[in-house]
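For the sequence shown, our numbering gives the first residue as 989, with consecutive numbering after it. I have placed the structure first, in the form of structure tokens, so that the comments after it can refer back to it.
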Amino acid sequence: MDDLLGAADELARKGVDIREALPQRQVMLEDLRAATPISTDRLNEGKKLSHRIVEYDFVAEWGFHLILCAGSGKQLDPFAGQPWISRLLASVQHHNSGLVFAKEIHRIARVAWAAGPLMSWIQATGCFIGSGDREIRLLDNATSASTFFDLQASEEVARKLPLESRRGMAAKTAPAMVGGQVEVGVGHVPPPGLAVVRMKGSAGRGHLVMFLDSPDFRPDEAQVAEWFPSSVDAEGEPADSVAAVKWLLAHAYTEGLTKSDLMRELIRRGFSTQKMRYHHARTDITIGDLSHSNALGVIRTVCRHLEFYRTGVLRFPFGIDGLDDVVITGCCPPGGWATPADFARIAAGLDADESEARPNHLYWFAGLPVSIGDDTFVLRSRSLGYKERLSDPDPAYYFEARGATKRAPGFSLGHAEIAQWFAGGIAAAGDRALSLVGSGVTSTLEIELVARRTRLKAEREVLLERERDLLSKVEQTSGALLERLESIYNREVAPGLADAAAALAEVDREISHERARTLMSTSSVAAERLLELVAQLAVPRSAAFRSILLAATREVRYERLPQQRRGVQTLVHRLTGKLVIGTGDEIVELPLDRTWESGAGVAIVERAPEILEELRAGVPFHALTTPLSQYARSDVAKLLGVRSEELLLPRIQDGRISRAVMHVVYERGDRSLGRIARQLGEPVAFVERIAELYVEQPPAARWLRGNAKYLAALYASAAHNEGLGLLGDIRRWGCTKRAHLTIVAREAEDDLSLVRGVGYQVPPCSTCGSHELVPLKIWEPVGPVCASCRTDRRGLKWSADPYDEYIAEPGIWALASAEPIS
């Protein structure tokens, strides 16, 4: 932008003044920011170069065409040209321009030869060329030579430009914040709680000021040119982002507060950040204007800037050799951002989040070419949201035809299946694979970097201990001694902690780069990383191996054959291929071959340990983790040593009873019933009842079978009439005739007495004497269960939870309770 405005000034000095027609600077900046980035491949690098271009056509009104470009630098496209030059040439040709003017000639192109097509057109058409440091003239031989040399010098200018510009940024940045404000020359986005504005200047643009984003520390709005924060809280008052950050640090990862609770409070406070204002081009935006997931991301961003909030030292890294990072100290509100206890709690919470979170790099194998028959497909992953990724235990891949978006119908592979295919092939290689790992030489530089990181961590721990000691003394001190302790902390500890954190971050970056250098190859997996690859196959923690793994996996074929097993279809899958491993001078190929089965016909023996363990623990047959078909029941019977028709477990609904039946009927051995009762923690009478039903005299399944409503009506009436079940109630609620009542009384496991013409007398509870007796739709209780003391006729306990869910015909009991007592 400075180049453009400077070029207009220079052109005016040469007699052509277009400044009155130029759009406002801010408008052009916003247009440039909003322009869609144009992405182009780089020459010989396999990467992308990106730039933005904005054009203003004032030819009809003012006679000039304005072009702005940012971002291309000195990079070349695959045709050894610069996209910016191509766009400029097209515009010049379209308007048949008579003059091409720039602030400086070397600003036209960053690579001399790339400007060749433009210069050739200018010379051939008699177009004039000019710049601030040159006169406007035709491109004759002498001008061509000097222009070429200027363009040649542009490459050196471009090479030095990052270093020079950043030196200027560093020179404009003050070393410490004073009074909550500091002048800065860097364009980096500060952490939440800080803001940056552009001040008004006496002539043109003013300087940048960074400050604590609070009404107490903001500069005078009348002196600010742009980006003054204007967000407000729920009461309409100017938002205080410093107070919001302090509140968040004091409450994050505290018991009883969820991240949604934190977010609601920040919304109420009108919290905003500089990144939000830049990204949305709004000074009044708040966290409440963001989506739920983006708002949670802002909270995570605050929590991950702990080192800055702890030390108040802000670093703007340039990443350029020969230039130190910009460091600003004293970026703290009075009293600091948070307490040491807050920082320790948040750090522990972040560590827990990191260990528990599912990885984002789940889909390592997406893009893997796979052949099925004569057709070639590519594995594609299902699109999942964040919550689905957390809960999806085995992401699935579908097959997509190459060059099309149509899936292969009915074909999919789970991540675990492919991971086991890779791991199985490497394991099958045995000693050969291990010898390959041993042949890889660990980088000497990486060894040195790891040792350096260990030393840095130890040094940082010493500083942290010193910090804890000083802070504990500060909390117990006042007056001049307090000022001295704070001075010692600010002079000796805080800068050291910031330096240690920066050094650790830098060495971690260097280690990552070195590992990537030793890991990556165009066609194979580096042998020294083979074990690391295997460790990440099941649950990938990064995308570092993905591209190289896809490139190193060859000739993948998939077959799926249906088979019939006892009338149930089983699918037999086979996946083959090879993995290419590089050991420096040698390339080794490991074959990959795995066959597995799926479907209802898969042998139950494979799941036998899991099933038997669940049955022993009391999981009902119908609720097993692995659902069992009718064919699987016979397999379970074989495992238990009985015929399938003798397997009683499928009938049992209750886990307590199921567990007892497993031990009494199928796994008793030489144990007595008393010993089984002790091992199960059950009364002996309960175990004896199980043996009575399932061993000595297997039930005929008569109890409450088809007659549940008759008996429910009988006992419901008896509960309302001091133990007398009235025939009228039984007929009305049970929908039966008198002839049926004799059958019901005979099948009821109870001592009922017929009272002619009236009904049946039901004995009260033998334990507490209550008449409120309830029949249950399971065989194991002896007669009805007392609703008061929960015992049956034999004194066995049947608690309300869970046995009330087995009450026979609860609707009848609701009807009975709604009527007055007879």
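From the three backbone atoms N, C-alpha and C, an ideal C-beta is built for every residue, glycine too. Remember, predicted model here, so these are calculated numbers, not experimental data.
Beta-carbon gap between residue i and residue j smaller than 9 Å
i     : j     : result
A1022 : R1007 : no
R1283 : R1256 : In the sequence as presented, Arg is not what sits at residue 1283; that position holds Ala. No, the Cβ-Cβ distance between A1283 and R1256 is not below 9 Å.
W1050 : A1009 : yes
I1836 : I1073 : The structure shown does not extend to residue 1836, since the chain is modelled only from 989 to 1810, so the question has no answer here.
L1087 : I1041 : no
V1197 : E1225 : no
G1606 : R1647 : yes
P1321 : K1445 : no
S1219 : T1289 : no
P1207 : V1174 : no
L1294 : I1334 : yes
G1716 : A1706 : no
Own chain partners of residue i with C-beta closer than 6 Å, once the 5 adjacent residues on each side are dropped
i     : result
D1045 : H1053
G1337 : Y1241
L1401 : Y1385
S1359 : R1545
E1577 : K1566 and V1568
Among the options, the one whose alpha carbon lies nearest that of residue i
i     : options                       : result
P1179 : I1275, D1363, R1303 and W1235 : R1303
E1760 : G1324, C1774, W1767 and E1768 : C1774
C1115 : D1121, H1083 and A1102        : H1083
E1388 : E1405, V1185 and S1369        : S1369
R1778 : G1771, D1249 and W1786        : W1786
V1047 : I1026, T1024 and V1080        : V1080
P1105 : A1078, K1697 and S1248        : A1078
R1013 : A1488, G994 and A1000         : G994
E1543 : G1003, D1363 and C1319        : D1363
L1637 : E1018, E1602 and W1721        : E1602
I1678 : Y1703, I1645 and G1168        : I1645
Nonlocal neighbours in the same chain, by C-beta distance under 8 Å from residue i, ignoring five residues either side
i     : result
V1630 : Y1654
K1188 : G1194, Q1211, V1212 and A1213
T1135 : I1093, M1107, I1117 and L1127
E1797 : A1696, K1697, A1700 and A1701
G1711 : Q1749, V1750, P1751, P1752 and H1759
Residue i - DSSP class collapsed to helix/strand/coil
i     : result
G1003 : coil
D1121 : coil
G1657 : coil
G1034 : Bear in mind that a pLDDT of 49 at G1034, under 50, signals an unreliable position, so the number given afterwards is only what the model happens to contain. Note: G1034 maps to coil in three-state DSSP.
R1582 : strand
E1018 : helix
P1798 : helix
S1079 : helix
A1326 : coil
C1320 : coil
A1354 : coil
P1105 : helix
E1577 : strand
D997  : helix
D1380 : Confidence is the limiting factor: at D1380 the pLDDT is only 48, short of 50, which leaves the residue's position unreliable and the question unanswerable from this model.
E1092 : coil
T1558 : strand
R1781 : coil
Y1266 : helix
G1051 : coil
L1401 : strand
R1663 : helix
P1226 : strand
I1273 : coil
Own chain, CB closer than 7 Å to residue i, minus 5 neighbours either side, in chain order
i     : result
S1741 : Y1748 and Q1749
T1541 : L1356, G1565 and L1567
Q1111 : L1127 and S1132
E1092 : S1119, G1120 and D1121
G1662 : V1672
E1676 : L1661
G1799 : none
L1020 : R1040, V1042, L1056 and A1058
Assumed close pair residue i, residue j - CB separation to whole angstroms, cut-off 8 Å
i     : j     : result
F1259 : A1232 : 4 Å
L1763 : L1699 : A small fix is needed here, since residue 1763 is Pro in this sequence, not Leu. At roughly 5 Å, the Cβ-Cβ gap stays under 8 Å, so P1763 and L1699 are in contact.
Y1385 : A1354 : 7 Å
I1664 : H1651 : 5 Å
The ligand NAD heavy atom lying under 8 Å from the CB of residue i
i     : result
W1072 : Among the components of this structure there are no ligands whatsoever, and the ligand NAD is therefore not found.
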